[in-house]
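*Asks:* The sequence shown: position 160 = 638 (my numbering), numbered continuously. Encoded as structure tokens, here's the structure I'll be asking about.
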Amino acid sequence: MKSPENLLKSFFAERIKGLVQSDIRRMSRECERLGGINLGQGICDQPVPDSVKEAAKSAIDRDRSIYSKFEGIDPLRERIAAKMADYNGIRCDPDREVVVTVGSTGGFVAACLAFVEPGDEVILFSPFYGYHRNILSLCEATLRFVTLHPPNWSFDPADLERSFTEKTAAVIINTPSNPCGKVFSRQELILIASLCQKHGALAITDEIYEYILYGEHRHVSIGSLPGMEERTITLSGFSKTYNMTGWRLGYAVGAAPLMEKIGLLNDLLYICAPTPLQHAVMAAFDLPPSYYDQLCADYARKLEMTCAACDEAGIRPLLPQGAYYLLADISGLGLSDDKEAANFLLGRAGVASVPGTSFYADPEDGRQQVRLCFAKQDGDLEEACRRLRGIRTARP
Ligand code: GLN
Numbered sequence: 479m480k481s482p483e484n485l486l487k488s489f490f491a492e493r494i495k496g497l498v499q500s501d502i503r504r505m506s507r508e509c510e511r512l513g514g515i516n517l518g519q520g521i522c523d524q525p526v527p528d529s530v531k532e533a534a535k536s537a538i539d540r541d542r543s544i545y546s547k548f549e550g551i552d553p554l555r556e557r558i559a560a561k562m563a564d565y566n567g568i569r570c571d572p573d574r575e576v577v578v579t580v581g582s583t584g585g586f587v588a589a590c591l592a593f594v595e596p597g598d599e600v601i602l603f604s605p606f607y608g609y610h611r612n613i614l615s616l617c618e619a620t621l622r623f624v625t626l627h628p629p630n631w632s633f634d635p636a637d638l639e640r641s642f643t644e645k646t647a648a649v650i651i652n653t654p655s656n657p658c659g660k661v662f663s664r665q666e667l668i669l670i671a672s673l674c675q676k677h678g679a680l681a682i683t684d685e686i687y688e689y690i691l692y693g694e695h696r697h698v699s700i701g702s703l704p705g706m707e708e709r710t711i712t713l714s715g716f717s718k719t720y721n722m723t724g725w726r727l728g729y730a731v732g733a734a735p736l737m738e739k740i741g742l743l744n745d746l747l748y749i750c751a752p753t754p755l756q757h758a759v760m761a762a763f764d765l766p767p768s769y770y771d772q773l774c775a776d777y778a779r780k781l782e783m784t785c786a787a788c789d790e791a792g793i794r795p796l797l798p799q800g801a802y803y804l805l806a807d808i809s810g811l812g813l814s815d816d817k818e819a820a821n822f823l824l825g826r827a828g829v830a831s832v833p834g835t836s837f838y839a840d841p842e843d844g845r846q847q848v849r850l851c852f853a854k855q856d857g858d859l860e861e862a863c864r865r866l867r868g869i870r871t872a873r874p
């Protein structure tokens, strides 16, 4: 096409003008182009449990292929409600308070469209998951950031209190968090809950990494705290726990009047989540408790391996409490910034990471960091670690 670039740009809606491809995606493309090992994007390329794969094949063979209700198939919502009661301490009615979404991101989009007006203030902790920030920006929210401070990723309660105003529509919680792995403590969540109640705000909480926890850290859902059942949208999904990031299956849980609106938006945006996969994923609920212990043990081992390689490479790990990412301080490499470090790690060691600035409200906070994802098969992670260890000698 020959049209001048300015003409083409004039077609863009105002709301997408600032939007660019995420560093997560950009680094994956670069990694593929250069044939590197991808510790950038949180792909989680380990096998799906066999029983779930078998159930998927069977659902396809049985032609479970047509639209489901927009809120998802009944037996899956029942299993989700049972899990919410058992694991999250949240009682919900499977008929009116659960919606199966297209990934937890699908639930997040629906929640933001339903409950955030242009100009509303929304509180986001920094570092944040960039997709949360960008979806909120698309909804024209005014963002107020609260900084999480390493090494414990704690926040200053006064800072949080100050960020609430009469315009606050919602606070976004991501626990365990991407990218820093913070697991919000019960005490912290109680404070957030009291501020939500005081200011009439909603809590939108993305708990997709809820089963991946290290050491003594335990998962607490803000939706289980007294007074929060009416004002919390809890989002989770199957992607990370069962290694199926490409299946795009998540769910949202909350009070019936709120979920009715999320259901309507889920219908409008997606019609429903993929039906054969909804049938298949029910098998995941039959996995024994040992599956989840093994998941944590495996990730703890992978984390340790990645940290040891970072140490040897002169990169300082900033320890996560959960999830499967590691923010690491690259100042020891003596490079100018995070982008140069990510390019260096990919170019010299063939290992992709994500530049730290993409996760922070103030880019300065991430200038000397990269994010590494260790949700890889052991063989690939071992090779990536071997390459990382070798960069000491490859430094410019
Ligand atoms: N949640 C994953 C990450 O942070 C994947 C996101 C994505 O593919 N855009 O890397």
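Cβ atoms here follow ideal geometry from the backbone N, Cα and C, with glycine treated the same way. Values in this document were obtained by computation on a predicted structure and should not be read as measured data.
Quick check: what's the CA-CA separation for Lys817 versus Asp684?
*Replies:* Numbered from 1 along the sequence shown, position 339 holds the residue referred to as residue 817. Numbered from 1 along the sequence shown, position 206 holds the residue referred to as residue 684. Between Lys817 and Asp684, the C-alpha separation is close to 28 Å.
*Asks:* Which residue or residues does DSSP assign as beta-bridge partners of Leu680?
*Replies:* Within the sequence shown, numbered from 1, the residue matching residue 680 stands at position 202. Paired residues: Ala648.
*Asks:* Which whole-angstrom value is the C-beta distance of Met737 and Ala730, which I expect to be below 8 Å?
*Replies:* Mapped onto the sequence shown, residue 737 falls at position 259. Mapped onto the sequence shown, residue 730 falls at position 252. Indeed, because the Cβ distance is near 7 Å, the residues count as touching under 8 Å.
*Asks:* Below 8 Å between beta carbons: does that hold for Ala820 and Asn656?
*Replies:* As a first step, residue 820 must be located in the sequence shown, where it is residue number 342. As a first step, residue 656 must be located in the sequence shown, where it is residue number 178. No, these two residues do not count as a Cβ contact at 8 Å.
*Asks:* Look at the alpha carbon of Glu639 and the alpha carbon of Leu673, and state the distance between them as a whole number of angstroms.
*Replies:* Within the sequence shown, residue 639 is the residue found at index 161, counting from 1. Within the sequence shown, residue 673 is the residue found at index 195, counting from 1. Distance between the alpha carbons of Glu639 and Leu673 is about 7 Å.
*Asks:* Could you tell me whether the Cβ atoms of His610 and Val661 are closer together than 8 Å?
*Replies:* Within the sequence shown, the letter at position 132 stands for residue 610. Within the sequence shown, the letter at position 183 stands for residue 661. Contact: no.
*Asks:* Return the chain-ordered list of same chain residues with a C-beta closer than 7 Å to the C-beta of Gly567, the five sequence neighbours on each side being excluded.
*Replies:* For the purposes of this step, residue 567 is taken as residue 89 along the sequence shown, with counting starting at 1. Answer for Gly567: Ser699 and Ser702, listed in chain order.
*Asks:* Just the Cα atoms here: how many angstroms apart are Glu532 and Ser632?
*Replies:* Locating residue 532 in the sequence shown gives position 54, counting from the first residue. Locating residue 632 in the sequence shown gives position 154, counting from the first residue. Their Cα atoms are separated by approximately 43 Å.
*Asks:* Which residues in the same chain as Ala534 place their Cβ atom closer than 6 Å to its Cβ, once the five residues preceding and following it in sequence are excluded?
*Replies:* The residue given as residue 534 occupies position 56 in the sequence shown. The residues are Ala758.
*Asks:* Using CA coordinates, which residue listed in Ile686, Thr620 and Ala827 is at the minimum distance from Leu602?
*Replies:* On the sequence shown, position 124 is the one that residue 602 refers to. Per the Cα distances, Thr620.
*Asks:* Do Leu797 and Pro629 count as a contact pair if the criterion is CB distance below 8 Å?
*Replies:* Reading the sequence shown from its first residue, position 151 is the one you call residue 629. Reading the sequence shown from its first residue, position 319 is the one you call residue 797. Contact flag set, yes.
*Asks:* Asn516 by DSSP, collapsed to three states: which one?
*Replies:* Here residue 516 refers to the residue found at position 38 of the sequence shown. If DSSP states are grouped into helix, strand and coil, Asn516 belongs with the strands.
*Asks:* Cα separation between Glu707 and Ala671?
*Replies:* If you number the sequence shown from 1, residue 707 lands on position 229. If you number the sequence shown from 1, residue 671 lands on position 193. Rounded to the nearest angstrom, the two C-alpha atoms are 10 Å apart.
*Asks:* DSSP has Gln847 in a bridge; who is on the other side?
*Replies:* To locate residue 847, count along the sequence shown from 1; it is residue 369. Per DSSP, Asp807.
*Asks:* Could you tell me whether any non-hydrogen atom of ligand 1 is closer than 7 Å to the CB of Asn516?
*Replies:* Position 38 of the sequence shown, counting from 1, holds the residue named residue 516. No, Cβ of Asn516 sits at least 7 Å from all heavy atoms of ligand 1.
*Asks:* Can you tell me whether DSSP reads Thr875 as helix, strand or coil?
*Replies:* Beyond the ends of the chain as shown, which are 479 and 874, falls residue 875; an answer cannot be given.
*Asks:* Identify which residue in Asn744, Glu644, Asp807 and Ser836 has its Cα closest to the Cα of Val580.
*Replies:* For the purposes of this step, residue 580 is identified with residue 102 of the sequence shown, where counting begins at 1. Of the candidates Asn744, Glu644, Asp807 and Ser836, the one whose C-alpha sits nearest the C-alpha of Val580 is Asn744.
*Asks:* What are the start and end residues of the beta strand (DSSP E) that includes Thr620?
*Replies:* Residue 620 sits at position 142 when you count from the first residue of the sequence shown. That run of the beta strand (DSSP E) goes Thr620 to Thr625.
*Asks:* If you draw a straight line from the alpha carbon of Cys863 to that of Arg507, how long is it in whole angstroms?
*Replies:* Stepping through the sequence shown from its first residue, residue 863 is reached at position 385. Stepping through the sequence shown from its first residue, residue 507 is reached at position 29. About 21 Å.
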